[in-house]
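Presented below is the structure to which this report refers.
Residue numbers (the working numbering): 75 to 330.
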């Protein structure tokens with residue numbers, strides 16, 4: 075049985091203090107751009123976690139102007155913790171670099187390289203990880219388009235999710251750019267065919283393990299279509315059962 079909590083159980087809080095909520099922001103005046111990763115409530119997805127915690131992936135996020143990485147890790151707490159320095163209080167110069175590896179500083183490092191290294195280090199320090207929350211939609215909204223409520227301080231980010239139908243529905247409802255990544259360890263759950271067909275229809279990017287950094291860059295220029303606002307069944311809605319009914323129909327149509 076999954077334990078639902080109001081505030082996420084923190085694995086790593088980055089610069090958050092005390093508790094982690096969707097409204098927390100270490101720099102409230104800066105333009106915020108969030109990459110939100112979710113693996114779901116029960117099944118682990120270590121290959122996805124390992125890739126988004128890799129040096130190459132983090133470097134690509136920083137290069138694309140992302141300011142935060144927030145990860146919902148499910149049951150793989152120990153696996154995630156192993157990617158970070160064991161002691162958050164270790165010396166500033168080595169803490170949070172390359173997700174636990176001390177970054178080598180070359181003697182001939184120029185000013186641009188130094189700035190890039192500092193940006194990566196600051197980004198890693200801000201990574202926040204939690205196990206699960208019953209308020210997942212609030213977290214997904216962090217990666218969605220900015221609204222009048224945030225005063226234009228949030229740029230559109232990205233959600234990288236396992237390709238389960240529930241998570242896909244949640245991401246589409248908040249109008250977020252979504253990279254749906256099938257979990258190959260799950261049998262007979264149709265995640266791959268769902269992600270493939272939803273990409274063919276233009277609503278998501280089908281993310282493939284081993285090339286997620288490229289998928290994040292791809293979605294910058296190939297923005298998926300917005301999911302149509304559901305019409306009432308009385309007005310002739312094509313999918314009376316809502317978004318889930320629509321996704322089932324897409325997959326069934328692909329098989330036919």
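Beta carbons: idealized from backbone N, C-alpha and C, even for Gly.
The alpha-carbon of residue 238 is positioned some 8 Å away from that of residue 268. For the options 200, 187, 115, the alpha carbon positioned closest to that of residue 140 is the one of 200. One Cα belongs to residue 133, the other to residue 194, and the distance between them is close to 7 Å. Taking a contact as a CB-CB distance under 8 Å, the pair residue 210 and residue 233 does not count as one, their CB atoms being some 10 Å apart. Boundaries of the beta strand (DSSP E) harbouring residue 146: 142 to 146, taken from the DSSP string. The DSSP-derived three-state label of residue 239 is helix. In this structure, residue 235 lies away from residue 116, with their beta-carbon atoms at least 7 Å apart.
Closest in C-alpha terms to residue 281, from the list 266, 147, 231, comes 266.
Under the DSSP assignment, residue 108 falls in the beta strand (DSSP E) whose first and last residues are 108 to 112. Comparing C-alpha distances from residue 231 to each of 298, 276, 204 shows the shortest one belongs to 298. Here the stretch 118 to 131 lies against the stretch 277 to 291, with 3 or more beta-carbon pairs under 8 Å apart. Looking at the DSSP output, residue 280 sits in a beta bridge with 254. Shortest Cα-Cα distance from residue 198 to any of 105, 300, 109 involves 109. The beta carbon of residue 229 lies closer than 6 Å to those of 105, 107 in the same chain, with the five residues before and after it left out. For residue 202, the secondary structure class from DSSP, reduced to helix, strand or coil, is strand.
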